[in-house]
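Peer 1: Here it is, the structure, as structure tokens.
There are 2 protein chains.
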Amino acid sequence: MAPSPTLVEVTRGLAVESRHCGAVAVVDADGATVLALGDVERPVFARSSVKALQALPLVESGAADRFGFAEPELALACASHAGEPEHVATAAGALARLGLDDAALECGAHWPLSDTAARALAASGVGPSPLHNNCSGKHAGFLCLACAMDVAPAGYVEAAHPVQREVTAAIEATTGASLASAPVGTDGCGVPTYAMPLVAIARGFARFGSGQGLTPARAAAARRLMAAVWSAPNQVSGTGRFDTQAIQALGDAVFVKVGAEGVHAAALPALGLGIAIKIDDGAARASETAMAAVLARLLAPTGDAGDWLADRVRRPLRNVAGKEVGEVRAADALLR
Amino acid sequence: MAPSPTLVEVTRGLAVESRHCGAVAVVDADGATVLALGDVERPVFARSSVKALQALPLVESGAADRFGFAEPELALACASHAGEPEHVATAAGALARLGLDDAALECGAHWPLSDTAARALAASGVGPSPLHNNCSGKHAGFLCLACAMDVAPAGYVEAAHPVQREVTAAIEATTGASLASAPVGTDGCGVPTYAMPLVAIARGFARFGSGQGLTPARAAAARRLMAAVWSAPNQVSGTGRFDTQAIQALGDAVFVKVGAEGVHAAALPALGLGIAIKIDDGAARASETAMAAVLARLLAPTGDAGDWLADRVRRPLRNVAGKEVGEVRAADALLR
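First to last, the sequence lines map onto chains R and G.
Following this note's numbering, the numbering of the first sequence begins with 1 at its first residue and continues without gaps.
Following this note's numbering, the numbering of the second sequence begins with 1001 at its first residue and continues without gaps.
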């Protein structure tokens, strides 16, 4: 593997304490490179960064319409949510539209990603259900697709299930990556996740955002998913979290989605560009900072949006007592 | 900065998903190198890895004896504890011996590092106090030293306070690092933290463990602190956490202590060696894996201790539903 440039530094006092290396790809819908840092051809597990691509068949097939999935359900299908009450309610409501409940979810249960929500749940005296799993909205979408396809939903997380075949085909069509021989793993929620070149993930989001290179039906599905997330930005992540705040700040200039292990992807519809970032060590603090720097460079927004991005490009680090002790900041390679 | 070798890999399926780079120094009490990977001369903020060195004046001065600090209080003074009820009780008891309570602590309050303890606290309907701060035992030790020195405790976290002057002198004497011109920052709990060469941290622990190169009184204090941790290993970290489990598994063959931002230090008293590790990106999962690999290489234990280390050198990664999806493993550079 070629050495990766330092993308993000964490300082303490006047010294750099920790460093995050990685790669960044920004391309248009034809795959033409706008920005490339590090090895953008090496295969990267896309993880949850491509949930919006995984949700395309849900809309394109008519399944969402047939079962009355509206903006919140569609936004949650693209989400890695924090397990807040609003997320849980949306997921439960989506399942109810299918005549199902959380027993149909194969993602497993974990405590809410939101500490506040986890503590409130603990205080209520009950544990987490699969509805609290950050992927429950995506899985509700998979179940919706299974119902619309009239196939047995059980085993919908398996690669050979008709639902995952549709999902994999949508990822291939948008990214242009051939996944048949790609490294495959099992994601945190049980579905297959494929490793594909970082440029392919970026190209997938350039196409997702612009519709270029997609069939009209798929382009319309992409527009509808983005509109759902823009209308319900808290569903896609959660209170105070990066993706939700980015969409609240930047509006329809951006669709942005984090994945586990330091992956982050975005579409800039008006510019026709897609962004994909992989932090080698998997740290979210670094992928978020790098994404903020790339968004600031490409969008150069002013006003509140510009202020929000600037704070994320160079973010003060406070200790327990609230004293500013350092910062997490984009490194020179991202600022040039 | 010289490029660092890959020390730890995180796999998914058959592919490497993420990588952690860093440096490892193993030296004897004279500073002679036994193992050096990466740039072991670059300054590294020692953070909480040196809490045991910071606790030396507490014992050496007679302060601990004067106020009746026994094994649990001394182990907690060396700890980054998880905020479990036993830790909170020990910290509160230590303060009571000084005629103080948690209002004297200047470390700030945070939720317990243990998710279980945090949820139980939330369920009880109250928030965290400074006693739950992972550093509360260290701070109780600082307050004990202030009381014994007959100086006003307020401001004991400041570099110019008599307590921190003693603490800094103890770090300098054990590590051999000159801290007057070293990069300095503020630690998470408010006290100064210094950046020193990784070899100096390793040398500090070689001396701490063996007593070589220390005054007889300081060597005795080090033995007493180690004995306290060996007799109460849960105090130094917490249920199921790396340092506690390592000491439970390996007994008096090792004293080991994590620090924030991927620092990990250990003393191997019988071998007269000290170990210091810095993961460039700050990840604890990597420092723990690297430490396990170095301990396995140097101690080569058999039986349960060997099994525990082997599991930590190559640790299965399970997804939410419990399926094994990959592993966190020491890379070749550590296994040669």
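Ideal placement from N, C-alpha and C gives every residue a C-beta, glycine not left out.
Since we're looking at a predicted model, the values are computed, not measured.
Cβ closer than 7 Å: which chain G residues qualify as neighbours of Cys147/R?
Peer 2: Ordered by position in chain G, no residue passes the 7 Å Cβ test against Cys147/R, which lies about 22 Å from the chain.
Peer 1: Cβ of Gly1213/G within 7 Å of Cβ of Ala1029/G?
Peer 2: Yes.
Peer 1: Just curious, the beta strand (DSSP E) that Leu1273/G is in, first and last residue?
Peer 2: Unbroken beta strand (DSSP E) run through Leu1273/G: 1273–1279.
Peer 1: At the 7 Å Cβ level, is Val1184/G part of the contact set with chain R, yes or no?
Peer 2: Yes - at least one Cβ of chain R is within 7 Å of the one on Val1184/G.
Peer 1: Whether or not the stretch 173–191 of chain R and the stretch 241–254 of chain R are in contact is what I'm after, with contact meaning three or more pairs of Cβ atoms, one per stretch, closer than 8 Å; do they touch?
Peer 2: Too few Cβ pairs lie closer than 8 Å, so no.
Peer 1: Among Ala1123/G, Gly1282/G, Ala1265/G, which residue has its Cα nearest to the Cα of Gly348/R?
Peer 2: What is shown of chain R runs 1 to 336, which leaves residue 348/R out entirely.
Peer 1: Pull out every residue of the stretch 250–265 of chain R whose Cβ sits closer than 8 Å to any Cβ of chain G, in chain order.
Peer 2: Within the stretch 250–265 of chain R, the qualifying residues are Glu261, Gly262.
Peer 1: Quick check for students: name the residue ranges of the alpha helix (DSSP H) that lie wholly in the stretch 106–177 of chain R, counting only runs of 4 or more.
Peer 2: Whole alpha helix (DSSP H) segments, 4+ residues: 115–123, 136–149, 162–175.
Peer 1: So within the stretch 1220–1272 of chain G, which uninterrupted alpha helix (DSSP H) runs reach at least 4 residues, ignoring any that extend past its ends?
Peer 2: Entirely contained in the stretch 1220–1272 of chain G, the alpha helix (DSSP H) runs reaching 4 residues are, in chain order, 1242–1250.
Peer 1: For Asp1102/G, is the beta carbon positioned less than 6 Å from some heavy atom of the ligand NAD?
Peer 2: Although the ligand NAD was asked about, the structure shown includes no ligands whatsoever.
Peer 1: By DSSP's criteria, Met291/R is part of a beta bridge. Which residues make up the other side?
Peer 2: For Met291/R, which the question treats as bridged, DSSP gives no partner whatsoever.
Peer 1: If you draw a straight line from the alpha carbon of Pro153/R to that of Ala1276/G, how long is it in whole angstroms?
Peer 2: Their backbone Cα atoms lie some 52 Å apart in a straight line.
Peer 1: In this structure, how does DSSP classify Asp332/R when only helix, strand and coil are distinguished?
Peer 2: Here Asp332/R sits in helix by DSSP.
Peer 1: Per the contact definition of three or more C-beta pairs closer than 8 Å, is the stretch 1133–1151 of chain G in contact with the stretch 1030–1038 of chain G?
Peer 2: The stretch 1030–1038 of chain G is not in contact with the stretch 1133–1151 of chain G.
Peer 1: Mind checking who Thr193/R pairs with in its DSSP beta bridge?
Peer 2: In the DSSP output, where bridge partners are listed per residue, Thr193/R has Gly185/R.
Peer 1: What residues in the stretch 1107–1122 of chain G have a beta carbon less than 9 Å from any beta carbon of chain R?
Peer 2: Those would be Cys1107, Gly1108, Ala1109, His1110, Trp1111, Asp1115, Ala1118, Arg1119, Ala1120, Leu1121, Ala1122, in chain order.
Peer 1: Roughly how many whole angstroms lie between the Cα atoms of Ala117/R and Pro85/R?
Peer 2: Cα to Cα, the separation comes out at about 7 Å.
Peer 1: Use the C-beta contact count for Leu14/R: other C-beta atoms within 10 angstroms, 16 or more gives buried, fewer gives exposed.
Peer 2: That one is exposed.
Peer 1: For Ser1018/G, go through chain R and note every residue whose CB falls closer than 7 Å to its CB, in chain order.
Peer 2: Here the neighbours are Glu261, Gly262, Asp280, Asp281, Gly282.
Peer 1: Assess contact between the stretch 300–317 of chain R and the stretch 1166–1186 of chain G, defined as three or more Cβ pairs (one per stretch) separated by less than 8 Å. Is contact present?
Peer 2: Short answer: they don't touch.
Peer 1: State the Cα-Cα distance for the pair Asn234/R and Leu1334/G, rounded to the nearest angstrom.
Peer 2: Rounded to the nearest angstrom, the two C-alpha atoms are 44 Å apart.
Peer 1: Indicate the three-state DSSP secondary structure (helix, strand or coil) for Val16/R in the structure shown.
Peer 2: Correct three-state label for Val16/R: strand.
Peer 1: Can you confirm whether Asn1134/G, when its beta carbon is compared against all beta carbons of chain R, has any partner nearer than 7 Å?
Peer 2: By this cut-off, Asn1134/G is not an interface position.
Peer 1: Roughly how many whole angstroms lie between the Cα atoms of Ala227/R and Ser237/R?
Peer 2: Their backbone Cα atoms lie some 15 Å apart in a straight line.
Peer 1: If you run the structure through DSSP and keep just helix, strand and coil, what is Glu41/R?
Peer 2: DSSP places Glu41/R in coil when its eight states are reduced to three.
Peer 1: Hey, does Ala1195/G have any beta-carbon neighbour from chain R nearer than 7 Å?
Peer 2: It does; some Cβ of chain R falls within 7 Å.
Peer 1: Quick one: is Phe1208/G near chain R, going by C-beta distance under 7 Å?
Peer 2: For Phe1208/G, the answer is no, since every Cβ of chain R falls outside 7 Å of its Cβ.
Peer 1: Give a yes or no on whether the minimum CB-CB distance between Ala1321/G and chain R is below 7 Å.
Peer 2: At least one chain R Cβ lies under 7 Å of Ala1321/G.
Peer 1: Using a Cβ-Cβ cutoff of less than 6 Å, which residues in the same chain neighbour Trp230/R once the five nearest sequence positions on both sides are dropped?
Peer 2: Closer than 6 Å at the Cβ level, and outside the excluded window around Trp230/R, lie Asp252.
Peer 1: Assuming contact is defined by CB atoms lying nearer than 7 Å, are Arg1066/G and Ala1148/G in contact in what I supplied?
Peer 2: Against a cut-off of 7 Å, the Cβ pair of Ala1148/G and Arg1066/G comes out as a contact.
Peer 1: Pull up the distance between the alpha-carbon of Leu1132/G and that of Ala82/R, whole angstroms please.
Peer 2: Correcting the residue identity first, residue 1132/G is His in this sequence and not Leu. About 25 Å.
Peer 1: Taking its Cβ as the centre, do 16 or more other Cβ atoms sit within 10 Å of Ala182/R, making it buried, or is it exposed?
Peer 2: Ala182/R should be labelled buried.
Peer 1: What do you get for Lys323/R, buried or exposed, if any count of 16 or more other CB atoms within 10 angstroms of its CB means buried?
Peer 2: Result: exposed.
Peer 1: Output, in sequence order along the chain, the residues in the stretch 1030–1045 of chain G whose CB is closer than 9 Å to any CB in chain R.
Peer 2: Going along the stretch 1030–1045 of chain G in chain order, one finds Pro1043, Val1044, Phe1045 with a Cβ nearer than 9 Å to chain R.
Peer 1: Out of Phe1255/G, Tyr1194/G, Thr1239/G, Arg1241/G, which one is the CA nearest neighbour of Arg1207/G?
Peer 2: Nearest of Phe1255/G, Tyr1194/G, Thr1239/G, Arg1241/G to Arg1207/G, Cα basis: Phe1255/G.
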